[in-house]
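A short write-up of the structure that comes next.
There are 2 protein chains.
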Amino acid sequence: MVNYPNGKKGGWTAAATSAGRRGMNLESDINRTNIFYLDRDQAVIHKKPTPVQIVKVDYPQRSAAKITEAYFKLPSTTDYNGIYRGRYIDFEAKECSLKTSFPFKMLHPHQIRHLDAVLRHGAIAFLIVRFTEYDETYFIPARNMIDFYNTADRHSIPYEWFGKTGRIIPSSFLKPVDYLQIIDELYFTEGGSLSDG
Amino acid sequence: MVNYPNGKKGGWTAAATSAGRRGMNLESDINRTNIFYLDRDQAVIHKKPTPVQIVKVDYPQRSAAKITEAYFKLPSTTDYNGIYRGRYIDFEAKECSLKTSFPFKMLHPHQIRHLDAVLRHGAIAFLIVRFTEYDETYFIPARNMIDFYNTADRHSIPYEWFGKTGRIIPSSFLKPVDYLQIIDELYFTEGGSLSDG
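Taken in order, these protein sequences are the chains called A and B. Take 1 as the starting number for the first sequence in the numbering used here and just add one per residue. Take 1001 as the starting number for the second sequence in the numbering used here and just add one per residue.
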């Protein structure tokens, strides 16, 4: 092999060859996708800000107010909501680094209750779960997850359940987590398993 | 008139006689109302957390992570959203201390754009505006506000416009800002001015 004149080998790294996400995490993937949907006027879906309990704020002259003491609060709802094709959309997104199961402790009980409540009122509610070890991102209708949660005699969901119950969410450069495709199939296709028609 | 033995008159103040809110502001009134709706399972509507840019976090041993430097960010959406009777609900709430008009600068241009976008996708979108001087709280369909904003050759909306365009939101102890009543009238009553039917 012929080296470069400076004696170094070609500067390619593993990162440069892995297509697509290059170290982006699920949250930034979803945010990029949502911005794409928003720009194309396909849907209006946003991540909610991280809830913070603000304790102390400084108001320096001639500059922006500075928060000097604050704490993270437990979220009382899911992270994402908005509107698509006239329907209220609500979901939570989780990255799971385990290979065999998804632990229920990754969801707060009030998030489960929240998903159950919005379903009762007519929402399209679901979870997006990425198994980082397999680089697979699943769409799971909230109803399925809640039913498993309520009936299962265990503290986690086996990995195989996701393949049977959920759908792999397609990914592209512009839409790294293109979950609207799955929503179209499940909720807006005649005969779609969750559609009204 | 007979004074109290200490020579003072009876200790009643204006605040003590004003029924209902006693110094609560619009935000806490809406939050109380939303909690009532949630408890009765009438609707699931929440205020979004204040958006904050977190710069520095301390992780002291044996105690909660402490944010030691953070700044307020401009919100890119409205403050409230959720679901009611299958419809996506989205609104912004503002208190106005002026007597004659509501200045447009109280709304950010991207909040106007956001309301316009969710309307296109089928939302029930509106503003709640309280004129504190009159203790009147108005429900204004977003469409009306946006049309005025786009066509008006002025920087504010005259107070009288609210009486003509909006509805006064009923108030009670348990539901200080009972805006679902107005939504029922406008959007879910046959012949309601904004209903589909």
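Yeah, the Cβ is synthetic: ideal placement off N, Cα and C, and Gly gets one too.
Margin query: So, does the region 1150–1160 of chain B touch the region 1179–1189 of chain B, judging by three or more C-beta pairs under 8 Å?
Written below: Counting Cβ pairs under 8 Å, fewer than three are found: no touch.
Item checked: For Ser1195/B and Thr1189/B, the rounded distance between their alpha carbons -> Numbered from its first residue, the second sequence carries residue 1189/B at position 189. Numbered from its first residue, the second sequence carries residue 1195/B at position 195. Their backbone Cα atoms lie some 7 Å apart in a straight line.
Note to self: Please tell me whether Gly1192/B has its Cβ less than 8 Å away from any Cβ of chain A.
What the structure shows: Numbered from 1 along the second sequence, position 192 holds the residue referred to as residue 1192/B. Not one chain A Cβ lies under 8 Å of Gly1192/B.
Next item on the list: Sort Ile1146/B, Thr1068/B, Asp1041/B, Ile1089/B by Cα distance to Phe1104/B and report the nearest one.
Entry: Here the question's residue 1104/B lines up with position 104 in the second sequence. For the residues Ile1146/B, Thr1068/B, Asp1041/B, Ile1089/B, the minimum Cα distance to Phe1104/B belongs to Ile1146/B.
Checklist line | Contact residues within the region 1059–1076 of chain B, judged by C-beta distance below 9 Å to chain A | finding: Taking 9 Å as the Cβ-Cβ cut-off against chain A, the residues of the region 1059–1076 of chain B that qualify are Ala1064, Ala1065, Lys1066, Ile1067, Thr1068, Glu1069, Ala1070, Tyr1071, Phe1072, Lys1073, Pro1075, Ser1076.
Checklist line | Gly197/A classed as buried or exposed, judged by whether at least 16 other C-beta atoms fall within 10 angstroms | finding: Along the first sequence, read from residue 1 onward, the residue named residue 197/A stands at position 197. Residue placement at Gly197/A is poorly supported in this model, since its pLDDT is 46, which falls under 50; the coordinates are not used for a value here.
Check: Quick one: which chain B residues come within Cβ less than 9 Å of Asp203/A?
Finding: This structure does not reach residue 203/A, given that chain A is present from 1 up to 197, and the question cannot be answered.
Notebook entry, point to check: Of the residues that make up the region 44–58 of chain A, which ones have a beta carbon closer than 7 Å to any beta carbon in chain B?
Noted result: Hits within the stretch, in order: Val44, His46, Lys48, Pro49, Thr50, Pro51, Val52.
Margin query: What does the alpha-carbon distance come out to for the pair Leu174/A and Tyr1080/B?
Written below: Counting from one through the first sequence, the residue named residue 174/A turns up at place 174. Counting from one through the second sequence, the residue named residue 1080/B turns up at place 80. In a straight line, the C-alpha of Leu174/A is about 29 Å away from that of Tyr1080/B.
Item checked: Near-chain A residues of the region 1076–1087 of chain B - C-beta to any C-beta below 9 Å -> Taking 9 Å as the Cβ-Cβ cut-off against chain A, the residues of the region 1076–1087 of chain B that qualify are Ser1076, Thr1077, Asn1081, Gly1082, Ile1083, Tyr1084, Arg1085, Gly1086, Arg1087.
Checklist line | Three-pair Cβ contact test at 8 Å for the region 56–71 of chain A versus the region 129–143 of chain A | finding: no
Next item on the list: Give the straight-line distance between the Cα atoms of Ile1054/B and Asn31/A, rounded to the nearest whole angstrom.
Entry: Position 54 of the second sequence, counted from the start, is the residue given in the question as residue 1054/B. Position 31 of the first sequence, counted from the start, is the residue given in the question as residue 31/A. Distance between the alpha carbons of Ile1054/B and Asn31/A is about 18 Å.
Item checked: Cα-Cα separation, Trp161/A to Ile168/A -> Locating residue 161/A in the first sequence gives position 161, counting from the first residue. Locating residue 168/A in the first sequence gives position 168, counting from the first residue. Their backbone Cα atoms lie some 12 Å apart in a straight line.
Next item on the list: Excluding the 5 residues preceding and the 5 following Ala200/A in the sequence, name in chain order all residues of the same chain whose CB lies nearer than 6 Å to its CB.
Entry: Because residue 200/A is not part of the residues shown, which for chain A are 1 to 197, the question remains open.
Check: From Leu1026/B, Ala1142/B, Ala1043/B, Val1044/B, pick the residue whose C-alpha is nearest to that of Lys1096/B; which is it?
Finding: Numbered from 1 along the second sequence, position 96 holds the residue referred to as residue 1096/B. Correcting the residue type first, residue 1096/B is Cys in the shown sequence and not Lys. For Cys1096/B, the nearest C-alpha among the options comes from Leu1026/B.
Notebook entry, point to check: How about Phe188/A: is its C-beta nearer than 8 Å to some C-beta of chain B?
Noted result: One-based indexing of the first sequence puts residue 188/A at position 188. Taking Cβ atoms only, chain B never reaches closer than 8 Å to Phe188/A, which makes this a no.
Next item on the list: Please state whether DSSP places Asn81/A in a helix, a strand or coil.
Entry: Along the first sequence, read from residue 1 onward, the residue named residue 81/A stands at position 81. Strand.
Next item on the list: To the nearest angstrom, report how far apart Asp135/A and Phe148/A are at their CA atoms.
Entry: Translated into the one-based positions of the first sequence, residue 135/A becomes position 135. Translated into the one-based positions of the first sequence, residue 148/A becomes position 148. Taking the straight line from one Cα to the other gives about 23 Å.
Next item on the list: Taking only beta-carbon positions, decide if Ile183/A is within less than 8 Å of chain B.
Entry: What you label residue 183/A is simply residue 183 of the first sequence in a count that begins at 1. It does not: the Cβ of Ile183/A has no partner Cβ on chain B nearer than 8 Å.
Notebook entry, point to check: Beta-carbon separation of Arg1143/B and Leu1119/B under 8 Å?
Noted result: Counting from 1 along the second sequence, the entry for residue 1143/B is found at position 143. Counting from 1 along the second sequence, the entry for residue 1119/B is found at position 119. At a Cβ-Cβ threshold of 8 Å, Arg1143/B and Leu1119/B count as neighbours.
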